[in-house]
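Chains as they are written, first to last, in this note's numbering: chain B, 1 to 288; chain Z, 1 to 563.
Don't be surprised by glycine CBs; every beta carbon is placed ideally from N, CA and C.
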Amino acid sequence: MNDTIELNLEKKERVMIDKTPSVKTNKSNTAQSSEETFSACIQVKGYHFYYGDNQVLFDVNFEMPERQVTAIIGPSGCGKSTLLRNINRMNELIDGVRHTGDILIKGQSVYDPALEVTEIRKRIGMVFQKSNPFPKSIYENIIYSLRMAGEKKKSVLDEAVETGLKAAALWDEVKDRLEDSALSLSGGQMQRLCIARAIANQPEILLMDEPCSALDPIATAKIEELIYELKKDFTIVIVTHNMQQAARISDWTAFFYLGKLIEFNNTKKIFVNPDQKQTEDYVTGRFG
Amino acid sequence: MVHQIKSSLSFNKNARAVGEPFVWFTGMGLALGVGMILFLLGLIFVKGTDVFWPKSVAFIEFKDTATSNSGQKIAGIITKKQKKITQIVSEEQTEGAASHMEWQLFVGNKDVYGYNFKFFDVDDIEKVTYPKGIINIERLEYGNAIAFPRMLKIDGGETITSDQPSFHKRLKETVHTVEKRWKEIKAIEKDQIGLINLKLNHLNLKAKALENQSSERHTEALKVIQAEKQALEEKYQILATNAQTLRELQRKGHFVYELASGETHKIFIGNLLGFHYPNQMNWFQKFGLFCRHIWAFLSQDPREANTEGGVFPAIFGTFVMTVLMSLAVTPFGVLAAIYLREYAKQGLLVRSVRIAVNNLAGVPSIVFGVFGLGFFVYFVGGTIDRLFFKEALPTPTFGTGGILWAALTLALLTVPVVIVATEEAIAAVPRGMREGSFACGASKWQTIQHIVLPAAAPGILTGLILAMARGASEVAPLMLVGVVKLAPNLPLDGVFPFFHLERKFMHLGFHIYDLGFQSPDSEAAKPMVFATTLLLIALVVLLNLGAIFIRERIRKKYAAGAF
């Protein structure tokens, strides 16, 4: 693997290059046991994470495949959201955090000191538990990441808005009122707006932190449909409390308990025939 | 199936919620506070507007047996009726006293009597009438005259006596002509001649600068300057002659009037500013005059050591200074608050800075005035003078009080308010919004610029409103850094470079102080003090309403946030 970074001398910005390794998942020190090969997009290697003196993630090792949905499940407080937020280094907004180990995206470490953290975040979209549209118009919300990257051409921005909203299945509902405030939408529409915003800059990865927990079943169903469509183009990692949701929409599932990765496998296998007893206890509802 | 209620739950019907009386206390407190404010505002409003309402003039004849003013007649506006002080003190009854009152009269005619107000014993009064023919004349000098009009002589040789039917009309026309001529004279003297003087001054400075370096090129330049000066001098002569002619015209004509006592006086028509027959006017005419008086108060320059005329320069000076102060304090305060809240590492240092800023709000304002004098005026202003205005020295340009230094001093005074309000507003922006911005790949500054500041804008404007209210009413520091009793010109005018920030200015707050404590005739000044106070309150309220309006507009656009 080539660990150097190429500088794009024209734009003088550092870009992440695709160094996707093809991974055989037959590693003995991980919790995987399947023989399937997939293109790994995100690799977590020997990752420990601390909030001050408090360790919350213990030696996490697994890989999330490209263009598939990986669900991270587990009871409350087991570190699922923490791990998710570390993929795009959002936890660094909190004081006093530290880590050991590494997270690699397509072979490149996100902690590379030569890389500006905003560049990483531009290649990753994130959707939060509570939808957080900006108090701007719908149009401005979607193109926010493009604007921050410096894009000024109206044609490019317009196209991004249309593509994003269509991909988020919101285009028909709002195409006539793009200048209206984003806060005038319903809860489900706002979350879909946030999804459209997250994918507007065409990132490779989409991280979703319990995106449906604050929504009613109909909105939830719409978003789950959306995720199914989106995985054709994006690698999606979704943290969810709702096991049935994980079973419905994900291809791979990682089960966490108290900061440790217990099992990572094909979703079908995790829910029908898990290897670890703890996993079986959790998915059958013996503890929650 | 009907379920029976097996046991009963007993409620104590006589119990009252704990603390009910305190609700009444808080309501009373609010009522008391609001009541006091309304009373104060009402008092100022009533006494302030009372000045402008035209009042009837009484014609008083004294008894022959009176102790003073026996047999005399006097005319004036009754301004106060009160119990005689000696009576209140001694509580004795003098013989044959019908009442124990005394009246204060505004008699005008300061040039004749030497005073405007006088107290008269009611017991001495024989008859009080309100003659229709009496006139109240507003004059350029010595204030108002209250008398009977007798004759008007105009420069064409025409003489009209007051009994002729056309007198009223001709008087009105004359006053109108005189007013127009004064406006012309002012335009020539203040604007045009003033402009020439400014240019001459400028040329003199240029010449002085060149004289210090002598060479061929400079001698040429000096010649050019001399030629320009010559041209300007010629223009000046023409204008001066014009003004002089007009002034002569103002003296071509007299107005003769007779006082209540029978003396006759005459004044040049140029001295007439306005007149009205107070006992002849109906309510609508009085209201019209009332509005005209208020307009004159707001738009004219002051006369007679600020006791007559208007307060326009003070209004303008207060407004310009408040706007300059707001422009100075907002970026400074907002940037400081952003740094304290967003970038600085939250530790002991930041906490001490915050404590220091809060304490700054408690420093007496006169201390800021002294600091402004020492730092802005002498240090910064002196340095600017030495660097850019060397030729004018020893006359200071920026090295003396001026509107710029006053605005900056007050900006320092109000900066803690803005910092605190901005910090609170920034802290109130929800975390989710910030995280959303970071997740979109924005840097910290981009997040602040595009998300945090717009969402915090209503709170920042609240801070600005508080700052403006505080700054517009501080007087003590201004006295040291640039406010004067009478300023020759405005800090903003039509002459390049339009913003004359080194000029001294007038201020409503200082005007109130000056009128109340430093005027030669305190009784005459009292009504003006109330009127100016009312005006200052109205100005601050207007500024605040403007800022509140802007804040509401912003709030509608950015609907999130607690402010």
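- Of all alpha-carbon atoms in 180(B), 210(B), 95(B) and 51(B), the one lying nearest the alpha-carbon of residue 70(B) is that of 210(B).
- Selection 340(Z), 501(Z), 446(Z) and 126(Z) evaluated against residue 68(Z) yields 126(Z) as nearest (Cα-Cα).
- Contact annotation: residue 505(Z) and residue 487(Z) have beta-carbon atoms nearer than 7 Å.
- The contact set of residue 264(B) on chain Z, defined by CB atoms closer than 9 Å, is empty, because the minimum CB distance reaches about 25 Å.
- For residue 275(Z), the closest of 147(Z), 75(Z), 3(Z) and 512(Z) by C-alpha to C-alpha distance is 147(Z).
- Listed in chain order, the non-local C-beta contacts of residue 186(Z) below 6 Å within the same chain number zero, local neighbours out to five positions each way being set aside.
- Within chain Z, the residues 441 have their CB atoms less than 7 Å from the CB of residue 122(B), given in chain order.
- A direct Cα-Cα distance of roughly 19 Å separates residue 468(Z) from residue 532(Z).
- When DSSP reads this structure, residue 378(Z) sits in no beta bridge, so it has no partner.
- If you check the CB distance, residue 52(Z) and residue 294(Z) come in under 7 Å.
- If you ignore the 5 residues before and after residue 81(B), its C-beta comes within less than 7 Å of the C-beta of 209 and 239, all in its own chain and listed in chain order.
- Assignment of alpha helix (DSSP H) within the segment 24-77 of chain Z, counting only whole runs of 4 or more residues, yields no such run.
- Interface flag for residue 451(Z) against chain B is set, since a Cβ pair is found closer than 7 Å.
- Contacts between residue 285(Z) and chain B, judged by CB atoms closer than 7 Å, are missing: the closest CB pair is about 55 Å apart.
- With respect to chain B, the C-beta atom of residue 459(Z) has no partner C-beta closer than 7 Å.
- With a threshold of 16 other beta carbon atoms within 10 Å, residue 131(B) meets it and is buried.
- When the alpha-carbon of residue 497(Z) is set against those of 271(Z), 118(Z), 84(Z) and 202(Z), the nearest one is in 202(Z).
- Listed along chain B are 128, 130 and 132, each with a C-beta nearer than 8 Å to that of residue 432(Z).
- Between the alpha carbons of residue 111(B) and residue 103(B) lies a gap of roughly 7 Å.
- Taking residue 516(Z) as reference, the option from 368(Z), 323(Z) and 306(Z) with the minimal CA-CA separation is 306(Z).
- The beta carbon of residue 77(Z) lies closer than 6 Å to those of 55, 57 and 106 in the same chain, with the five residues before and after it left out.
- 297(Z) is the residue among 297(Z), 246(Z), 330(Z) and 163(Z) whose C-alpha sits nearest the C-alpha of residue 312(Z).
- The beta carbon of residue 322(Z) is closer than 7 Å to those of 468, 471, 472 and 543 in its chain, skipping five residues each way along the sequence.
- Here the alpha carbon of residue 529(Z) sits roughly 19 Å from the alpha carbon of residue 319(Z).
- Here residue 103(Z) is bridged, per DSSP, to 81(Z) and 120(Z).
- Not one beta carbon of chain Z lies nearer than 7 Å to the beta carbon of residue 282(B).
- Going by beta carbons, residue 491(Z) and residue 555(Z) fall outside the 7 Å limit.
- Less than 7 Å divides the Cβ of residue 415(Z) from the Cβ of residue 333(Z).
- In the structure shown, residue 190(Z) falls within a helical segment according to DSSP collapsed to helix, strand and coil.
- Taking a cut-off of 8 Å for Cβ pairs, the segment 108-128 of chain B and the segment 439-459 of chain Z touch, as three or more such pairs fall below it.
- Within chain B, no residue has its beta carbon less than 7 Å from that of residue 192(Z); the closest one is some 52 Å off.
- Contacts with chain B (Cβ-Cβ distance below 7 Å) from the segment 337-351 of chain Z involve no residue at all.
- Taking 7 Å as the threshold, the shortest C-beta distance from residue 148(B) to chain Z falls below it.
- Residue pairing by DSSP leaves residue 148(B) without any beta bridge partner.
- Across the structure, residue 169(B) and residue 224(B) are spaced so that their CA atoms are roughly 11 Å apart.
- At a cut-off of 7 Å between beta-carbon atoms, residue 144(B) makes contact with chain Z.
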